[in-house]
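S.K.:
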Amino acid sequence: MARKTRNGVMGKRTIGLAAIGTLVGAGAAIFAALKLRKSQDIGHEAPDLAPQSDRPGPGDRAPDAFRPDPAAPVPASEREALRPVTTPVPASTDRESVALS
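Spelled out as structure tokens, the structure:
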């Protein structure tokens with residue numbers, strides 16, 4: 008059931024509200040773009056990640072203080088976390104191996 012309007016007032020309101028909504032949306036998009044541009048300037052340089060910086064080669068090593076000790080004992084609380092994963096072969100592979108044999 009269509010709503011009757013008097014001299015098109017309802018239609019003008021709808022157009023006006025749509026225009027206001029469009030302006031608010033455009034303003035929000037501009038504000039977000041400016042904020043994003045500003046946030047990209049925040050932070051500090053990472054010279055070791057710069058494209059023109061020298062990359063470490065295979066002969067370069069970390070300082071002794073940062074190298075892990077391969078002979079260090081593993082505490083009992085961490086031993087389970089370092090155990091290799093032993094899971095059965097996935098079912099899809101089992102079906103394929105049966106089909107091939």
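In the working numbering, the protein residues as written are 8 to 108.
In this text, a Cβ means the ideal position worked out from N, Cα and C, and glycines have one as well.
Keep in mind that this is a model prediction, so the values were computed, not measured.
1) Could you tell me the boundaries of the alpha helix (DSSP H) in which Ala83 lies?
2) Can you list, in chain order, the residues of its chain whose CB lies under 8 Å from that of Pro54, leaving out five sequence neighbours each side?
3) Quick check: what's the CA-CA separation for Arg90 versus Arg74?
M.R.: Taking the geometry as given:
1) 83 to 86
2) Ser60
3) 22 Å
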